[in-house]
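>
Chains as they are written, first to last, in full-length UniProt numbering: chain A, 1 to 122; chain B, 1 to 325.
Spelled out as structure tokens, the structure:
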């Protein structure tokens, strides 16, 4: 699971109002090179919740992202490279995503988050 | 620039393969033998485990896919090439490579029809410059892997998401994708639960081969492989859950390709989507002895120009559209 996906997932438990961002608990992760595409990053930037991305990256020891970001930073190649790395090149293999409101844990096994709910949670 | 070259190469390869043929196909099983270019080494074993033969367009798309670099390891029952006739377990050799699972639906006529539809619409798809694509219900991963190969790998800046409610299917899909050097973010979830809020309006292409077989409603709630086909009343229960989700996820220029069965009342599905503002057309139509399949493409009305000038449901009026071939 890439941090891009972490940024796109929110708690789907019935009754939860504020299910984003899910708190990332990662016990293992890998880095895989992905071809850099500045256009993609620029078009994605408005869709990304920056604090959620920076926070998740920090959880796995990647502290290079600034706490806040705005569109003017997209002119910096250096910024884009870091954005790219955090968003696409870090894969969480094992861990969990935790609902900030209910505390419900969604496990991540072998890189696949499990968002399935029990009957009483739907 | 690299992308354009790749796209050109793709076009060239596919031109050679003769895939630029009519969009709407109606292949009957009894026509399956007359394919004059069928006998490449890749097609020595065209008998599927269920005993039926591949139709012409299946063979064609399989060849196209294989030329695009898909190794003959998935869909072992249909694509398997070097099968030992004495092998008691003919699928074994291939499954070891990519992993199969008794609870995961293997690619079959419906999967092939969907990939054929993507190939038939390949020119439009390449021009579409999709940023995000998604498959809802990935099963073995055959379709999302094929889509990723058709559109080119990530060097073209396309990113893929895929979901399945069956955990075993997500594992098999992961292996299938990996074996072909492509990547999709896989989420084990019901339809797009958990993704719906944040991915609203972001998908440029969604492909769905839904559980469309008419069954009891009880079967819809079963686990394991049953969820891959059990469609409830008229095979519409799950389809009718998927459609509003797709509507949310699709971008303004987004396209949906969906497999349906005649028994699903596809004209009524098109009407439902039309009320949400979508035009539609049949990309592939295929009748086998068992079932009559349609792959329908949906897009938001007013964007007809991207569809090769085909007459659409919106311009023809529904009844006349649906009656045409």
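From the three backbone atoms N, C-alpha and C, an ideal C-beta is built for every residue, glycine too. Fair warning: this is a prediction, and the values are worked out from it, not measured in the lab.
CA-CA distance, residue 300/B and residue 248/B?
Going by the C-alpha atoms only, they are around 12 Å apart.
> Closer than 8 Å between beta carbons: that is the criterion. Which residues of the stretch 58-82 of chain A meet it against chain B?
Residues passing the 8 Å Cβ filter: none.
> Taking Cβ-Cβ distances shorter than 8 Å, what residues in chain B pair up with residue 45/A?
Within 8 Å Cβ-Cβ: nothing; residue 45/A doesn't reach chain B, min ~13 Å.
> Select from 138/B, 252/B and 257/B the residue whose C-alpha is nearest the C-alpha of residue 189/B.
With distances taken between Cα atoms, residue 189/B lies closest to 138/B.
> Please list the terminal residues of the continuous beta strand (DSSP E) segment that includes residue 164/B.
Residues 159-164.
> Does the beta-carbon of residue 231/B have 16 or more other beta-carbons within 10 angstroms, so that it is buried, or is it exposed?
By the neighbour-count rule (16 or more Cβ atoms within 10 Å), residue 231/B is buried.
> Since residue 117/B and residue 283/B should fall inside the 8 Å C-beta cutoff, what is the C-beta to C-beta distance between them, to a whole number of angstroms?
Residue 117/B to residue 283/B, Cβ: 4 Å. Contact.
> What did DSSP end up calling residue 257/B once you bin it into helix, strand or coil?
Strand at residue 257/B.
> Residue 157/B touches chain A at which residues, Cβ-Cβ below 8 Å?
In chain order: 37, 39 and 40.
> Buried or exposed: where does residue 252/B fall if 16 or more other Cβ atoms within 10 Å of its Cβ makes it buried?
So residue 252/B ends up on the exposed side.
> When you compare only the Cα positions, how much space is there between residue 108/B and residue 114/B?
Looking at the two C-alpha atoms, the distance is approximately 10 Å.
> Based on Cα-Cα distance, which residue from 150/B, 239/B, 110/B and 196/B lies nearest to residue 287/B?
The option with the nearest alpha carbon to residue 287/B is 110/B.
> Counting only beta-carbon separations shorter than 7 Å, does residue 113/A have a partner in chain E?
No chain E is part of this structure, whose protein chains are labelled A and B.
> Note down, in chain order, every chain B residue with its Cβ under 7 Å from the Cβ of residue 12/A.
In chain order: 193 and 194.
> Note down, in chain order, each residue of its chain lying with its Cβ closer than 8 Å to the Cβ of residue 160/B, except the 5 sequence neighbours on either side.
The residues are 132, 133, 134, 135, 144, 147, 148, 182, 183, 184 and 185.
> Can you have a look at residue 32/A and say buried or exposed, based on whether 16 or more other CB atoms are within 10 angstroms of its CB?
With fewer than 16 other Cβ atoms within 10 Å, it is exposed.
> Taking residue 67/A as the reference, which of 3/A, 121/A and 49/A has the closest Cα?
Minimum Cα distance to residue 67/A is reached at 49/A.
> What is the rounded straight-line gap between the Cα of residue 294/B and the Cα of residue 122/A?
Cα to Cα, the separation comes out at about 32 Å.
> Please state whether DSSP places residue 107/A in a helix, a strand or coil.
Three-state DSSP puts residue 107/A in a strand.
> What are the boundary residues of the alpha helix (DSSP H) that includes residue 278/B?
Careful: residue 278/B lies outside any alpha helix (DSSP H), inside the beta strand (DSSP E) at 278-287.
> Suppose the cutoff is 6 Å on Cβ atoms and the five residues either side in sequence are ignored; what does the same chain contact list for residue 38/A look like?
Counting only Cβ-Cβ distances below 6 Å, and skipping sequence neighbours, we find 80.
> Quick one: does residue 188/B have its CB under 7 Å from some CB of chain A?
So yes, residue 188/B belongs to the interface.
> Here's the rule I'm using: 16 or more other beta-carbon atoms within 10 Å means buried, otherwise exposed. How should residue 106/B be labelled?
Buried, since its Cβ has 16 or more Cβ neighbours within 10 Å.
> For a contact meaning CB atoms closer than 9 Å, what does residue 198/B contact in chain A?
In chain order: 7, 8, 9, 10, 20, 47 and 49.
> Across which residues does DSSP place residue 124/A in a beta bridge pair?
The requested residue 124/A is not part of the displayed model; chain A covers only 1 to 122.
> Below 8 Å, can you find three or more Cβ-Cβ pairs linking the stretch 91-99 of chain A to the stretch 4-12 of chain A?
Yes, the stretch 91-99 of chain A touches the stretch 4-12 of chain A.
> At a Cβ threshold of 7 Å, is residue 2/A touching chain B?
Yes, residue 2/A counts as interfacial toward chain B.
> At which residues does the alpha helix (DSSP H) containing residue 83/A begin and terminate?
Its alpha helix (DSSP H) spans residues 77-84.
> Would you say residue 145/B lies against chain A (beta-carbon separation less than 7 Å)?
Output row for residue 145/B: interface = no.
> Measuring CA to CA, which of 103/B, 204/B, 263/B and 193/B is closest to residue 241/B?
The residue with the shortest Cα to Cα distance from residue 241/B is 193/B.
> Where does residue 320/B land, buried or exposed, given buried means 16+ other C-beta within 10 angstroms?
Caution is warranted here: a pLDDT of 33 is assigned to residue 320/B, below 50, making its placement in the model unreliable, and the coordinate value is therefore given only provisionally. Residue 320/B is exposed by the Cβ-count criterion.
> Could you tell me whether the stretch 70-90 of chain A touches the stretch 107-120 of chain A, using the rule of 3 or more Cβ pairs below 8 Å?
Taking 8 Å as the limit for Cβ pairs, the verdict is that the stretch 107-120 of chain A does not touch the stretch 70-90 of chain A.
> Do residue 208/B and residue 258/B come within 7 Å of each other at the CB atom, strictly closer than that value?
Cβ distance < 7 Å, so residue 258/B and residue 208/B count as in contact.
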